[in-house]
Amino acid sequence: MVKQCVTVLSRNDISSQKVGLMQQDLGWADLQINEVSKSFRDPKGAEVRALDGVSLSIPAGEFTVLLGPSGCGKTTLLRSIAGFEKIDSGHLNLGGNRIDLLPPHKRPVNTVFQSYALFPHMSVIQNIAFGLENEKIAKSEVKARVDEVLELVKLTELADRKPSQMSGGQQQRAALARALAKKPKVLLLDEPLAALDLKLRKAMQFELKRIHRATGTTFVFVTHDQNEAMALGDRIAVFNQGKLQQVGTPFEIYTAPSSEFVANFIGESTVLQGKITEQIFQGDGLRIANLNQNMSSNGSVKLMVRPEAFTLIEGETSCGNVEIKEIIFTGDSLETLLVTHSGHEVKVKTGAMLLNQLNVGDSVELFVDVNQIGQLA
Amino acid sequence: MKPRSTTEKEPGIYGPGLVSLPAYITGILLVGLPLIVVIVFSFLQRGEFGSGVIHKFTLDAYRTVFYETDLMGNQSLNFSFLKIILRSILLAFTVTIICLIVGIPTAIWIALQKKTTQRILIVLVTIPFWINVLARTYAWMLLLADGGLFNQFGAPVLLYTSWATFIGLTYAFLPFMVLPIYASAEKLDKNILEAAFDLGASGWRVLIRIVIPMIRFGIFAGIAIVFIPALGAYVQPSLLGGNKSMLIGSLINDQFGESRNWPVGSALAVLLLAMTGVILLATRRRKLEFV
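As you go down the protein sequences, you meet chains A and B in turn. Residues in the first sequence are numbered consecutively from 121, following this note's numbering. Residues in the second sequence are numbered consecutively from 100, following this note's numbering.
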């Protein structure tokens, strides 16, 4: 924890000249989510568990991404932190203070909404100042803070525009500035980039990272886009059906997913089911020798292999022969769908230069880097 | 694909060709012509036996409205018409304010309910329209009369007072205030309200700074369609108020009825029309400012 703070602090120093004001009186506060549950009734009256005993600790200053398919509970958790949803059981603690009993306007957190939710009858400046005018802050201080966040999100020139006179990306920045001006202990972002086109989304990802570094605020970011989660998060929390599946750095989540769901949701993967005897895996029509010793060999096992861990060039550990079912050339790489003799599909990603050597229907030998094979629970 | 011919006629907002003809006929026959008749009548002489008009141009009608002639034939300014106008405006204004105070929270509250509940509540709001306004006004007479329901519970007898007129008008026009405000409140993005709370605003501040500015067009529409008919109201002042304090609607009615002075009635109607026109223009300019 201490280490985490130190790294964030040192990051802040780099850009502290730019946003000096933002950092003052920004107390460190960890967000603790303890055994939080929340149920809804669907239109038919059946009970849906949106959050099922979720516990998660978010250190101060961290960029945490809540990732999962739609309806997995990630947005419900975000709205519970903001105070828009009342949790059925569990606690929310921020810096040691319980916040789940406070109304939204008394919680030291602020939200950036997917729809931006800018006040259409107010200019950008008025939108940002609205939040500050709710506190007892001197007019000059309000102006200083508005100017500061406008500069932070690079919107100074459009300060007098109404939301309807701005593009989606600019509205996004305005919404971000409005929330940041309040100096929240935690900034909640509910799929804020979902409405932007791909190019703008990429650009805003960099912007968000820069702003996160510049402010040092804790960011909790909800998305269903795994690429976005990988690009942004210090840590990713993967949700499915109201349950927290796995928490870890993008690297941990990608290379060592804890379940088949996580393996399939984040990146592409091939899951192989079979038995391990004396470090040799057999199953789904493949045979892989020289496995790492730490792989358990009790009964049936599931192995997870990323497409890039396989190769069709000799040199790695052989898995046996497979038939080519489909070849997709994507420019920088070649995505091949292969079938083992037992009918199991294997996804392989290789260099594009193999394109001329492969034909659909060919039988080829499949190789794998055993160090990149993960075992699923 | 063949480029579209530039001579081809685009179907505009009035629709292609003859489709809009019924609208024009209705508009001209039912709105335009009666209006012209009233304006023309106001500049003609009174008929010999009271009803009807003599087709001779005169400003007598307007002179009657603004001046009074004493027994000696001297003319002096007559303030009674002005008083009636002011009284009517004051009443319409008060009715509008009360409708606003009751209507805004009601409309917002309805808009915040579940969709199915909203539909039921809106039907409830419109139920009074299913019954004729006269029948409803007679019902109020029973409630407010001496020995009526309210009187039995200890309320003073309000029938045939200005209070009864006021209650009857407020009751009649409240739905006209609720419906347009609901229509704009229902379109409010709930996220915007959440954002306002999220930014630390209390409920009161959210209402004043966010909700009301965002539903202002509904409020303007509500004000216009409550104030204008309330200004010319006739049924409630005569049945509930007992015509004790004269209002412009009743005055016009009297001119065509008992007083048998069509030109004066028409002149009053033209003056009322001019006044509402001025008020409408004033609200229109306000709207433009906000856009």
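The beta-carbon is built from N, C-alpha and C at its ideal position, and this holds for glycine as well.
Here DSSP, grouped into helix, strand and coil, assigns A:Arg426 to coil. Taking the Cβ atoms as the reference, B:Phe326 lies roughly 5 Å from B:Ala191, within the contact range of under 8 Å. Between A:Gln413 and A:Gly403, the CB-CB gap reaches or exceeds 8 Å.
For the pair A:Gly203 and A:Lys194, the CB atoms are not nearer than the 8 Å cut-off.
For B:Glu357, no chain A residue has a C-beta closer than 7 Å to its own C-beta; the minimum C-beta separation is roughly 51 Å. A contact between stretches requires three or more CB pairs, one per stretch, nearer than 8 Å, and the region 262–282 of chain B meets this requirement with the region 317–337 of chain B.
For A:Ala357, the enclosing beta strand (DSSP E) has its first and last residue at Arg355 to Asn360. If you look at A:Ala170, you'll find it in the beta strand (DSSP E) that goes Glu167 to Ile178. Every unbroken stretch of the beta strand (DSSP E) spanning 3 or more residues and falling wholly within the region 351–414 of chain A is given here in chain order: 355–360, 363–368, 390–397, 400–403 and 406–408.
Here the alpha carbons of B:Val201 and A:Arg227 stand approximately 32 Å from one another. Interface residue (Cβ-Cβ distance to chain B less than 8 Å): A:Glu277 is not classified as such.
Contacts with chain B at 8 Å (Cβ-Cβ) do not include A:Phe326. Identification of chain A residues near B:Glu293 by a Cβ-Cβ cut-off of 8 Å yields Ala202, Phe204, Pro224, Thr231, Phe233 and Ala237, ordered along the chain.
Residues Ile153, Lys155 and Thr157 of the same chain have their beta carbon placed closer than 6 Å to that of B:Gln144, with the five preceding and five following residues left out of the count. Looking at A:Glu388, A:Ile386 and A:Ser417, the one whose alpha-carbon comes closest to that of A:Phe401 is A:Ser417. Of the other Cβ atoms in all chains shown, fewer than 16 fall within 10 Å of the Cβ of B:Pro255; this residue is therefore exposed. A contact is defined here as three or more CB-CB pairs under 8 Å, and the region 482–493 of chain A meets this definition with respect to the region 436–456 of chain A. By the CB criterion at 8 Å, B:Leu338 and B:Thr236 fall inside the cutoff. Listed in chain order, the positions of the region 281–309 of chain B with a beta carbon within less than 8 Å of a beta carbon of chain A are Asp288, Asn290, Ile291, Glu293, Ala294, Ala295, Phe296, Asp297, Leu298, Gly299, Ala300, Ser301, Arg304, Arg308 and Ile309. In the structure shown, A:Asp452 falls within a coil segment according to DSSP collapsed to helix, strand and coil. Not flagged as an interface residue toward chain A: B:Pro121, since no C-beta distance is shorter than 8 Å.
A:Asn254 sits buried, since 16 or more C-beta atoms from the chains shown fall within 10 Å of its C-beta.
For A:His241, the neighbours in chain B by C-beta distance under 7 Å run, in chain order, Pro312 and Met313.
The region 122–184 of chain B is shown to contain whole alpha helix (DSSP H) runs of 4 or more residues at 132–140 and 159–165, in chain order.
Per the coordinates, the alpha-carbon of B:Leu176 lies some 32 Å from the alpha-carbon of B:Leu132.
Here the C-alpha atom of A:Glu443 lies approximately 17 Å from the C-alpha atom of A:Val391. Remark: three or more beta-carbon pairs, one from each stretch, lie closer than 8 Å, so the region 228–237 of chain A and the region 302–314 of chain A are flagged as touching.
Proximity of chain B to A:Glu271 at the Cβ level (cut-off 7 Å) is not reached, the minimal Cβ distance being about 20 Å.
Closer than 7 Å at the C-beta level to chain B, one finds these residues of the region 242–264 of chain A: Phe250, Gly251, Asn254 and Glu255.
In this structure, the straight-line span from the alpha carbon of A:Ala357 to that of A:Gln365 is close to 7 Å. By the C-beta criterion, the region 157–176 of chain A is judged to be in contact with the region 360–378 of chain A, since at least 3 inter-stretch pairs fall below 8 Å. Within the region 301–316 of chain A, contact with chain B at the beta-carbon level (separation under 7 Å) is assigned to Lys302.
A:Leu478 places its beta carbon 8 Å or farther from that of A:Glu465. Contact of A:Arg298 with chain B is assigned, a C-beta pair being separated by under 8 Å. Runs of the beta strand (DSSP E) spanning 3 or more residues and lying entirely within the region 217–294 of chain A occur at 229–232, in chain order. DSSP, read as helix, strand or coil, puts A:Leu478 in coil.
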